[in-house]
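Residue numbers (full-length UniProt numbering), protein chains in the order written: chain A, 1 to 254; chain B, 1 to 484.
Step one of this worksheet: look at the structure below.
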Amino acid sequence: MEITSTDLGLAARVQQLTKTYGTGESAVRALDGVTVGIRRGEFTAIMGPSGSGKSTLMHIMAGLDAPTGGRAWIGDTDITGLSDLELTILRRRRVGFVFQSFNLVPTLDALGNILLPFALDGREPSALERSRIDGLIASLGLGPRLTHRPHELSGGQQQRVAIARALATAPDLVFADEPTGNLDSRSGREVLALLAAASREHGQSIAMVTHDPVAAAYADRVLFLGDGRIVADKPAQTAEAISAHMLAAEEVPA
Amino acid sequence: MTAVTVAAPSRRMPAAVPVWLRERGMGATVLVAAISAAFGVLLISVTGFLGAWLKADPYIGGGETVAVVVGILSALLVGVAVYVAAIVTANTFATIVAGRTRRIALLRLIGASARSQRAEIARQGLVVGAIGGLVGLLGGTFAAWGLLAIGSRLLGIEVAYTVVQPLLLIPAAIVALTTWAAAWAGSRRVLSVTPLQALSGSVERTHEEVSATRGRTVVAIALFAVGAALLALGIVVGMISPFGVIVAFFGGLASFTGLTLGAVLVMPPLLRLTGRLFGRSVPARLAAENALRYPERSSRMAIGVVMGVALVTMFAVANESVKIVVAASGGGALPADLGQLLDTFAAVMMGLVAVSAVIAAVGLVNLLTIGIVQRRRELGLLRALGLTSAQVRRVVLFEAAHVTVTALVFGLALGVAYGWAAAQSLFGSIPIPPDWASPTFVPPGMPWVPLLVVVVATAVLTLVAAVTPTRLATRAAPVEALAE
């Protein structure tokens, strides 16, 4: 009997994950035997410079991309080897996404975007889910914006709609990919505080990919990636400590 | 050329072909230009041949008049085809411009003027039109040569007629020039691109504002009203004299021109109505919103198909209605040979106007495809959020069906009205033996077989139109599309 993610208190985990792009001489190893778990109820930041493999790791963990080797679980479900349809339905029901930009469907209004995961599933939210969504809308301050289309919203408002959508289904895990990359610093701080609050107050598991030490400082745990490997796994850090760590990592000869 | 330095060179094609010519949409424009040019060449040749034959044969009376009538008819048919082609091309270029916004903005940022950018696109239209015209000229000439050779052998006639003559250059030249003009008309939005759009990752506007100017709206409504009144007048006059058909003809022309000009006012509500039919599922809702995202684009895309459907239906209904009105006046069954003659004429005309329908269909397929390509990121996002590839396929199919169903219903209604008006205004006053009843007033004749063919052809078009966009839409992995 294999140990499950649940036994370990994990929302998602990967084991000996490798990802290689291209073949032969030009092959690039984006992930090189990564084994890591995302703890349930925690806000985890995945840090690393460009090309460290952090986006690839997130894509595979979220079922958006297939690994070259190794296995990945969302909750207790082994997602390596799932069909495209199974992965799609898994993402719809058990994963939430907040991307850097272009998060919302331009033709749907804010509420339509928030309810999209339910609509894709061909169902209305239950009464319980509806009250949860109403709570999210209120706490994110989106009430007056629900009938607005994305182009009528500011960048920060768009990200808040994306957060509401990501949290609406109470997924196993929310993936945030540079969620503040396109925002001014004030909106960025708001978005980070909202993500941290979702984790702290509602026990939402969140994995955030970022290269910004200030953003990572909001997390309960910081994973550092370099050249396709996990190079450090630290508890909550100040932005200064994270910067210092990143700078130190840069200076180590490869 | 500036565009070449900015655009990423694509693989496979030889370097001698400029990058912009390989852009999606240009090929379809060449095809549309080639079809209309070839059609023109073919009709000129066949008309010329018929004229020569009729003149050479001393036993056929009134040959000259027939030749003139056939000539006018051909000019009208080519005119309609070129007109539909121009709508399709203007639409294609408007869509290409939408896809090039960032590149145009970048060039504006570097210092290119909006006017020069627009002139550049119009020039590309001229080149594409010239290529299409040339291809059509060669293809049409070859087809005409083959057709006439086979035709004269089958009919056992010998006419001295040279296929290759300078006259054939006219349709090719007209097509090149209209493509140029259409590209110019379609690239109007270049002027509204600001250099800042190159820098900001701005969210795409959902619904482009409809830019129907007050002047155009007034002209469209006036033309339609006058046209409808003339159609009615034509029918009334037709009770007294066959000249009613001339009044009705101008009524038809004016009312349809009004509809085309005002397409952007008429089509979106109809498209919205069709959207309701598809239900409230996510694919249906997304497709419905997308069909109305660029009201002008969808309206013009639909109006081309409307025109094709209406013309084919018109000849079918006119034919059937003529039979009914003649039978009603005569008080008995239609003479068999007259019925045969009418059927043949109607079939030939339907075949000829179907060319315009084909051009409209090419435009539809092309625009749907570009529309999907330009929405790659959005589809990637939807796939990430849980839209299955089966749902993607449904979105695309619904999107195609949106336009075709709307255009089909509208086109059928118009075709029935026009066809009936034509028959009634031409034959309403003519007394036919043995009863010699006059005037006669009959309801429109509904020829079920041709109408069914139109419906089936539209259904096939919908499926065909969805093939390429579906392949493109389901091929991209969400990660790739999101990374763009």
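In this text, a Cβ means the ideal position worked out from N, Cα and C, and glycines have one as well.
Please read all numbers here as calculations on a predicted model, not as lab measurements.
Can you name the residues that DSSP bridges to residue i?
{"i": "A/MET47", "result": "A/THR210 and A/PHE224"}
{"i": "A/ALA232", "result": "A/PHE224"}
{"i": "A/THR18", "result": "A/ASP32 and A/GLY69"}
{"i": "B/GLY111", "result": "None, per the DSSP bridge assignment."}
{"i": "A/ILE38", "result": "A/ALA12"}
{"i": "A/PHE97", "result": "A/PHE175"}
{"i": "A/ILE74", "result": "A/ALA12 and A/THR77"}
If you draw a straight line from the C-alpha of residue i to the C-alpha of residue j, how long is it?
{"i": "A/HIS202", "j": "A/ARG132", "result": "11 Å"}
{"i": "residue 549 of chain B", "j": "A/THR88", "result": "Lying before the first or after the last residue shown, residue 549 of chain B is absent from chain B, which here runs from 1 to 484."}
{"i": "A/MET58", "j": "B/TRP180", "result": "49 Å"}
{"i": "B/SER202", "j": "A/HIS151", "result": "Only weak support exists for where B/SER202 lies, its pLDDT of 49 falling under 50; the coordinates are left without a value."}
{"i": "A/ASP227", "j": "A/ASP65", "result": "19 Å"}
{"i": "B/ALA401", "j": "B/THR369", "result": "14 Å"}
{"i": "B/ARG311", "j": "B/ARG22", "result": "Checking the sequence shown, residue 311 of chain B turns out to be Leu, not Arg. Looking at the two C-alpha atoms, the distance is approximately 33 Å."}
{"i": "B/ARG394", "j": "B/VAL306", "result": "23 Å"}
{"i": "B/LEU292", "j": "A/SER199", "result": "39 Å"}
{"i": "B/VAL219", "j": "B/VAL396", "result": "35 Å"}
{"i": "A/ARG149", "j": "B/LEU426", "result": "54 Å"}
{"i": "B/ALA143", "j": "B/GLY151", "result": "12 Å"}
{"i": "B/PRO283", "j": "A/LEU111", "result": "17 Å"}
{"i": "B/VAL46", "j": "B/LEU261", "result": "33 Å"}
{"i": "B/PRO137", "j": "B/VAL163", "result": "The sequence given here has Leu at residue 137 of chain B, not Pro. If I take the Cα positions, the gap works out to 12 Å."}
{"i": "B/THR95", "j": "B/LEU472", "result": "17 Å"}
{"i": "B/PRO433", "j": "B/THR440", "result": "13 Å"}
{"i": "B/GLY186", "j": "B/GLY331", "result": "54 Å"}
{"i": "B/PHE278", "j": "B/VAL365", "result": "20 Å"}
{"i": "A/GLN16", "j": "A/LEU225", "result": "14 Å"}
{"i": "A/ARG145", "j": "A/ILE163", "result": "14 Å"}
{"i": "B/GLY27", "j": "B/LEU367", "result": "12 Å"}
{"i": "B/ALA437", "j": "B/LEU412", "result": "30 Å"}
{"i": "A/SER126", "j": "B/VAL479", "result": "31 Å"}
{"i": "B/THR65", "j": "B/ALA75", "result": "15 Å"}
{"i": "B/LEU270", "j": "B/VAL19", "result": "38 Å"}
{"i": "B/ARG216", "j": "A/GLY22", "result": "56 Å"}
{"i": "B/LEU342", "j": "B/LEU134", "result": "36 Å"}
{"i": "B/THR206", "j": "A/SER26", "result": "The predicted model places B/THR206 with a pLDDT of 46, which falls under 50 and marks its position as unreliable, so this point remains unresolved."}
{"i": "B/GLY386", "j": "A/LEU183", "result": "26 Å"}
{"i": "A/GLY155", "j": "A/PRO117", "result": "21 Å"}
{"i": "B/ALA67", "j": "B/LEU352", "result": "17 Å"}
{"i": "A/VAL191", "j": "A/GLN159", "result": "7 Å"}
Would the beta-carbon of residue i fall within 8 Å of that of residue j?
{"i": "B/LEU223", "j": "B/GLY251", "result": "no"}
{"i": "A/VAL98", "j": "A/VAL14", "result": "no"}
{"i": "residue 511 of chain B", "j": "B/ILE430", "result": "Outside the displayed span of chain B (1 to 484) sits residue 511 of chain B, for which this structure offers no information."}
{"i": "B/ARG102", "j": "B/GLN197", "result": "yes"}
{"i": "B/GLY132", "j": "B/TRP184", "result": "no"}
{"i": "residue 488 of chain B", "j": "B/LEU168", "result": "Only positions 1 to 484 of chain B appear in the structure, and residue 488 of chain B is not among them; the question remains open."}
{"i": "B/LEU97", "j": "B/VAL30", "result": "Note that residue 97 of chain B corresponds to Val in the displayed sequence, not to Leu. No, the Cβ-Cβ distance between B/VAL97 and B/VAL30 is not below 8 Å."}
{"i": "residue 485 of chain B", "j": "A/THR107", "result": "The structure shown does not extend to residue 485 of chain B, since chain B is modelled only from 1 through 484, so no value can be given for it."}
{"i": "B/GLY234", "j": "B/SER321", "result": "no"}
{"i": "A/PRO171", "j": "A/GLY96", "result": "yes"}
{"i": "A/PRO49", "j": "A/ILE60", "result": "no"}
{"i": "A/THR221", "j": "A/VAL34", "result": "Per the sequence shown, the amino acid found at residue 221 of chain A is Arg instead of Thr. No, the Cβ-Cβ distance between A/ARG221 and A/VAL34 is not below 8 Å."}
{"i": "B/VAL32", "j": "B/VAL78", "result": "no"}
- Query: How about the region 43-52 of chain A and the region 77-84 of chain A: do they share at least three Cβ pairs that are nearer than 8 Å?
  - Reply: no
Item checked: Selection of the region 105-129 of chain B by Cβ proximity to chain A, strictly under 8 Å -> none
Determine, using beta-carbon pairs with one atom in the region 46-58 of chain B and one in the region 382-397 of chain B, whether at least three such pairs fall under 8 Å. Cβ pair count under 8 Å is below three, so no.
Inspect the CB distances between the region 418-426 of chain B and the region 374-381 of chain B and report whether three or more fall short of 8 Å. No, they do not touch.
Validate contact between the region 71-89 of chain B and the region 26-42 of chain B using beta carbons, cut 8 Å, 3 pairs:
yes
*When you check each C-beta in the region 26-48 of chain A against every C-beta of chain B, which residues fall closer than 7 Å?*
none
**Study point:** Under 7 Å (Cβ pairs) to chain B, residues found in the region 55-87 of chain A
**Key:** HIS59, LEU64, ASP65, ASP84 and LEU85
Contact set between the region 449-479 of chain B and chain A, restricted to residues whose Cβ is under 8 Å from the partner = Listed by position along the chain: ALA477, PRO478 and VAL479.
Taking beta-carbon pairs under 7 Å, can you tell me which members of the region 124-150 of chain A lie near chain B?
ARG149 and PRO150
Self-check item: Near-chain A residues of the region 267-291 of chain B (beta-carbon distance less than 8 Å), N- to C-terminal order
Solution: SER281, VAL282, ARG285, LEU286, GLU289 and ASN290
Mind checking the region 375-390 of chain B against chain A and listing, in chain order, the residues whose C-beta falls within less than 8 Å of any C-beta there?
ARG377, GLU378, LEU381, LEU382, ARG383, ALA384, LEU385, GLY386, LEU387, THR388, SER389 and ALA390
- Task: Name, going along the chain, the residues of the region 287-316 of chain B whose beta-carbon falls closer than 7 Å to a beta-carbon of chain A.
- Result: GLU289, ASN290 and ARG293
* Asked: If we count Cβ pairs, one from each stretch, closer than 8 Å, do we get three or more for the region 172-189 of chain A versus the region 206-222 of chain A?
  -> yes
For this session: Check whether the region 293-305 of chain B touches the region 406-415 of chain B, counting contact only when three or more Cβ pairs, one atom from each stretch, lie closer than 8 Å.
Result: yes
Next item on the list: May I ask you to list, following chain order, the residues of the region 200-211 of chain A that have a beta carbon less than 7 Å from some beta carbon of chain B?
Entry: none
Which of the residues in the region 85-108 of chain A, read from start to end, lie with their CB under 8 Å from any CB of chain B? LEU85, THR88, ILE89, ARG91, ARG92, ARG93, PHE97, PHE99, SER101, PHE102, ASN103, LEU104, VAL105, PRO106, THR107 and LEU108
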